[in-house]
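Using the working numbering, the letters of the sequence shown correspond one by one to residues 3 to 145.
Remarks on the structure that follows.
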Amino acid sequence: MKSPGDGGLRFSPGISPGVSVLEVLVAVALFAVVVAAVAAVLSLAGTYGALGRRSTDATTVAAAEVERLRDLPYDRIPTGQLEFTVEFGGSTYHVRRVVELDTPEAGMKQVTVEVTYDLMGPRTYRTQVIFTDLMRPAPVPTP
């Protein structure tokens, strides 16, 4: 505040004349740390979002392969191993299907489907199902 009759400026006690350069530098540094932390969290959220999406897509690819086999008659489900790639959701998935006859018991087929994709390193989704021939005709008793 300016005193009457005094040509200079005087400030009352407790009133700051302004902000020093040091205070500005500290505020800018603190702001930079907060912005960097928020950017890191957003980046991590994006990465885990992509990981979740790819994992869900791999599950969908495996389920589609199991359903494709489920639509076949039991005796038409091919045994052995088959490998192929699938484009789904803008990404490529490597599918490995193994059908084992009489596993775990006679008259059953165990199907294992593995879907592999690459996101932050190779990742694999694996599912197993067992098919049995419930529609097989019952043996005719002999008299």
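Glycine included, every Cβ here is placed at the ideal spot set by N, Cα and C.
Candidates 127, 93, 143: closest to residue 116 by CA position = By one-based count along the sequence shown, residue 116 stands at place 114. Per the Cα distances, 127.
Residue 61, enclosing alpha helix (DSSP H) - first and last residue = Mapped onto the sequence shown, residue 61 falls at position 59. Annotation for residue 61: the continuous alpha helix (DSSP H) segment containing it runs 23-72.
Under three-state DSSP, which class holds residue 77?
-> For the purposes of this step, residue 77 is identified with residue 75 of the sequence shown, where counting begins at 1. Residue 77 falls in the helix class under three-state DSSP.
How would you label residue 72, buried or exposed, when you count the other beta carbons within 10 angstroms and need 16 or more for buried?
-> The sequence position of residue 72 within the sequence shown is 70, counting from 1. That one is exposed.
Segments assigned alpha helix (DSSP H), at least 4 residues, entirely inside the region 105-135 | none
Hey, residue 97 and residue 69: beta-carbon distance below 8 angstroms or not?
-> As a working note, residue 97 is residue 95 in the sequence shown. As a working note, residue 69 is residue 67 in the sequence shown. At a Cβ-Cβ threshold of 8 angstroms, residue 97 and residue 69 do not count as neighbours.
Cβ-based neighbour list, residue 85, same chain, cut-off 6 angstroms, excluding 5 preceding and 5 following | To locate residue 85, count along the sequence shown from 1; it is residue 83. Excluding sequence neighbours, residue 85 sits near 98.
Spell out the partners DSSP gives residue 87 in its beta bridges.
-> Position 85 of the sequence shown, counted from the start, is the residue given in the question as residue 87. Residue 87 pairs with 96.
Look at the alpha carbon of residue 30 and the alpha carbon of residue 40, and state the distance between them as a whole number of angstroms.
-> On the sequence shown, residue 30 is found 28 positions in, with the first residue counted as 1. On the sequence shown, residue 40 is found 38 positions in, with the first residue counted as 1. In a straight line, the C-alpha of residue 30 is about 15 angstroms away from that of residue 40.
Run the CB neighbour count on residue 77, radius 10 Å, all protein chains shown included, and call it buried at 16 or more, exposed below.
-> By one-based count along the sequence shown, residue 77 stands at place 75. If you draw a 10 Å sphere on the C-beta of residue 77, you find fewer than 16 other C-beta atoms in it, and that means exposed.
Evaluate residue 95 with the Cβ neighbour count: other Cβ atoms within 10 Å of its Cβ, from every protein chain shown; 16 or more gives buried, anything less gives exposed.
-> Reading the sequence shown from its first residue, position 93 is the one you call residue 95. Looking at its Cβ environment, which holds 16 or more other Cβ atoms inside 10 Å, residue 95 is buried.
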